[in-house]
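Student:
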Amino acid sequence: MQEKIQVLMDLLEINKAQATDIVGRYLKEAKDIHSFLDYYFETLEKEKIVGTTYEKLRIVCKKAEIEFKKRFEDKEIFFYIG
1252 MQEKIQVLMD
1262 LLEINKAQAT
1272 DIVGRYLKEA
1282 KDIHSFLDYY
1292 FETLEKEKIV
1302 GTTYEKLRIV
1312 CKKAEIEFKK
1322 RFEDKEIFFY
1332 IG
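If you want this note's numbering, it's the position in the sequence shown, counting the first as 1, plus 1251.
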């Protein structure tokens, strides 16, 4: 867990409390934080999300959580790649 926190702090320039919050809420099961960060930056660009780095991170995490839930509930969407 400490590794994930440190990676977020270093790459996104957020403080330890903010990184701990994100890891605790959204990245508990994340095995590859780099894949998450790729998703984060792609989503920021695609969705034109604005705000502080921490605000952007929380929005992207919530969006990922909602998308995963939709994919889990609907097998057709789950297998859709795009």
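Yeah, the Cβ is synthetic: ideal placement off N, Cα and C, and Gly gets one too.
Between which two residues does the alpha helix (DSSP H) harbouring E1264 extend?
Tutor: Careful: E1264 lies outside any alpha helix (DSSP H) and carries neither H nor E.
Student: Going by beta carbon distance, what residues of the same chain come within less than 6 angstroms of I1300, once the five residues before and after it are set aside?
Tutor: Counting only Cβ-Cβ distances below 6 angstroms, and skipping sequence neighbours, we find K1307, I1310.
Student: Please check the pair F1287 and L1278, which I expect to be a contact at CB under 8 angstroms, by giving their CB distance rounded to whole angstroms.
Tutor: 7 angstroms between Cβ atoms; contact.
Student: Rank E1264, A1315, D1261 by C-alpha distance to the C-alpha of R1276 and give the top, closest one.
Tutor: When each option's Cα is compared against that of R1276, the closest is A1315.
Student: Could you give the distance in angstroms between the alpha-carbon of T1304 and the alpha-carbon of E1264?
Tutor: Near 8 angstroms, if we compare the C-alpha coordinates of E1264 and T1304.
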